[in-house]
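Here is the structure we will look at.
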Amino acid sequence: MEGNTYAALRIKYMKKLLSKVGIDPARLEMYNLSAAMGPRWAEICEEFTERISKLGPSPIWLAGCKRNKRSD
């Protein structure tokens, strides 16, 4: 099995785990790009940043904020 194929399987597995713990699996993505695909990499970064912004703060981050407020 090629490294990128193995990595894709791990991403698929991690997305299932994220879903089980209440985190949107859209927060994790894998792309196969060559070093010559700089412009495409920039597009992907912009699209992913927009997607994450629409999802809002991570539930884990929010839980940590609530915990910190209680300890203040």
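Our numbering numbers the first residue of the sequence shown as 19 and each following residue consecutively. Where is the CB? At the ideal position from N, CA and C, for every residue including glycine.
Gly21 and Pro57 have their C-alpha atoms spaced approximately 24 Å apart.
Secondary structure note for Pro57: its alpha helix (DSSP H) is the uninterrupted segment 56-73. Counting along the chain, Arg45 sits inside no alpha helix (DSSP H), nor does DSSP assign it H or E at all. The beta carbon of Asn50 is closer than 7 Å to those of Asn22 in its chain, skipping five residues each way along the sequence.
Within the same chain, and ignoring the five residues on either side of Gly40 in sequence, the residues whose Cβ sits closer than 6 Å to its Cβ are Pro77.
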